[in-house]
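In this text, residue positions in the sequence shown follow our numbering: the first is 150, and each later residue adds one.
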Amino acid sequence: MKVVKVAVSLVAVAAMAATGFAYSGLYDVSASSPHSSLVDWLLSTTSRASVNRHAEGVQVPDLDDAMALAGVSDFDAMCAGCHGAPGQEPAAMGQGLNPPAPDLARAATELTPAEIFWVTKNGIKMTGMPSWGATHDDNAIWPVVAFIGRLPGLDADQYQMMLANAQGQGHHAVAAPDSDVADPNKSELESDPNDHSSHTH
């Protein structure tokens, strides 16, 4: 019984100390200050184990070249800003993230496609990695995963060539101009010279 009381007392003291530290404001939460080695190890180890566990049930489709091509435009829109791309550094926002967004060419060699899919879909708390599954269904995410798998062997010229060849493909692709849509730079009369409905006589 005495041992139990001591254990309970120690837990209570530890809880009070942790609560006091949380309210003290002593811990530097700024993104410009890196985590200590202990905190960094704890967070990265917890994250890696969680991703590994939760991705176990993910069914991976055939990530062929056609699917990878369909995903390059979405990668450029969704991922390159923070993670960078072949021949491109991360944008300003990505350079200020803490922890830094990982190099996806390296991640493609360390994570399975199922794990990359799970992270892309669900995000990672307190890292800046969003849950793309909130706005994209699985069919839109898998092409991005397929493309990420090609990153380790891709140089800057090949990346730009894939972007050019993938024009019009992907969730974030820019649609081709529609000839039926009026040119906003034209006047009302220029848009249809045979339409006299707006003329006054």
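Each residue gets a CB set at the ideal place from its N, CA and C atoms; glycine is no exception.
Query raised in the report: Taking C-beta to C-beta, are H285 and H320 nearer than 7 Å?
Result: By one-based count along the sequence shown, residue 285 stands at place 136. By one-based count along the sequence shown, residue 320 stands at place 171. Their beta carbons are under 7 Å apart, which means H285 touches H320 by this criterion.
Requested in this report: Out of K151, S173, Q307, state which residue places its alpha-carbon closest to the alpha-carbon of A234.
Outcome: Here residue 234 is taken as the residue at index 85 of the sequence shown, counted from 1. Considering only alpha carbons, the answer is Q307.
Report task. Look at G298 and L212 and say whether their C-beta atoms are less than 7 Å apart. Result -> Within the sequence shown, numbered from 1, the residue matching residue 298 stands at position 149. Within the sequence shown, numbered from 1, the residue matching residue 212 stands at position 63. Yes, Cβ-Cβ distance for G298 and L212 is below 7 Å.
Query - Three-state secondary structure (DSSP) of A166 - result: Here residue 166 refers to the residue found at position 17 of the sequence shown. Three-state result, A166: helix.
Query raised in the report: Measuring CA to CA, which of S186, F296, A156, N201 is closest to I273?
Result: Translated into the one-based positions of the sequence shown, residue 273 becomes position 124. Of the candidates S186, F296, A156, N201, the one whose C-alpha sits nearest the C-alpha of I273 is N201.
Report task. Tell me whether the beta-carbon of A180 lies closer than 7 Å to the beta-carbon of A263. Result -> Position 31 of the sequence shown, counting from 1, holds the residue named residue 180. Position 114 of the sequence shown, counting from 1, holds the residue named residue 263. Going by C-beta atoms, A180 is not nearer than 7 Å to A263.
**Report entry** Simplified DSSP assignment, three categories, for A180
**Finding:** Residue mapping note: residue 180 aligns to position 31 of the sequence shown, counting from 1. The answer is coil: DSSP assigns A180 none of H, G, I, E or B.
**Report entry** Simplified DSSP assignment, three categories, for Q237
**Finding:** Stepping through the sequence shown from its first residue, residue 237 is reached at position 88. Looking at Q237 - three-state DSSP - the assignment turns out to be strand.
Requested in this report: From the DSSP output, read off the bridge partner residues of I273.
Outcome: Here residue 273 refers to the residue found at position 124 of the sequence shown. In DSSP, I273 forms a bridge with M278.
Query raised in the report: Assuming T276 and P248 make a contact with CB atoms under 8 Å, what is their CB distance in whole Å?
Result: Counting from 1 along the sequence shown, the entry for residue 276 is found at position 127. Counting from 1 along the sequence shown, the entry for residue 248 is found at position 99. With 8 Å as the limit, T276 and P248 qualify as a contact, their Cβ atoms being about 6 Å apart.
Requested in this report: Mark S222 as exposed unless 16 or more other C-beta atoms lie within 10 angstroms of its C-beta, in which case mark it buried.
Outcome: Taking the first residue of the sequence shown as position 1, residue 222 is located at position 73. S222 is buried by the Cβ-count criterion.
Query raised in the report: Is the Cβ-Cβ distance between L300 and A226 less than 7 Å?
Result: Here the question's residue 300 lines up with position 151 in the sequence shown. Here the question's residue 226 lines up with position 77 in the sequence shown. Contact: no.
Report task. Could you have a look at C231 and say whether DSSP puts it in helix, strand or coil? Result -> Here the question's residue 231 lines up with position 82 in the sequence shown. It is helical.
Query - Cut-off 6 Å between Cβ atoms - residues of its own chain near G236, not counting five sequence neighbours on either side - result: Here residue 236 corresponds to residue number 87 of the sequence shown, with the count starting at 1. Same-chain partners within the cutoff: A305.
Query - Residue interval of the alpha helix (DSSP H) (run including D91) - result: Outside the shown range of the chain (150 to 350) lies residue 91, about which nothing can therefore be said.
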